[in-house]
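Residue numbering for the sequence shown follows the numbering used here, starting at 22 and increasing by one per position.
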Amino acid sequence: MIGLNFSHCDAYWTYGLFHVFRRMLAAEIGMDLNQMAGFSGTIPFSDFNDQILPLLDHSDCDGSLSVEECRRVAPRLYELTAHWPEVNFKQEIRSLIGGMERAERENQPLYFC
């Protein structure tokens, strides 16, 4: 299948669903992802201050989150999505959080592949 996998976990999204997931996540912090630079808009990510930003302001097909970014993003991802219904990517979110925690424990970046 064509889509996005991560090191350290089994989380998987198609590219389209990963974009939907990140739009929903951005909305949790009052951001319209489609208005952001690098997406369809011009608003710089530096206009926002939130621990989730490394996951939002990131390529959807390559690169990595550093150990420090995993340390900050994982708990914030949990916090922002804890109230989401089960149908909203919960299994993938849990896996991704676990992957970030594992990458942090192993002192390795979490790779997007």
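Ideal placement from N, C-alpha and C gives every residue a C-beta, glycine not left out.
- Taking Gln129 as reference, the option from Cys91, Tyr99, Val108 with the minimal CA-CA separation is Cys91.
- In the DSSP assignment, Ala58 falls outside any alpha helix (DSSP H), carrying neither H nor E.
- By the CB criterion at 8 Å, Met121 and Val94 fall inside the cutoff.
- Counting the other Cβ atoms within 10 Å of the Cβ of Glu113 gives 16 or more, which makes it buried.
- Around the C-beta of Ser85, 16 or more other C-beta atoms lie within 10 Å, and the residue is accordingly described as buried.
- Listed as beta-bridge partners of Ile64 by DSSP are Met57.
- Between Asp71 and Ile50, the alpha-carbon positions lie close to 8 Å from each other.
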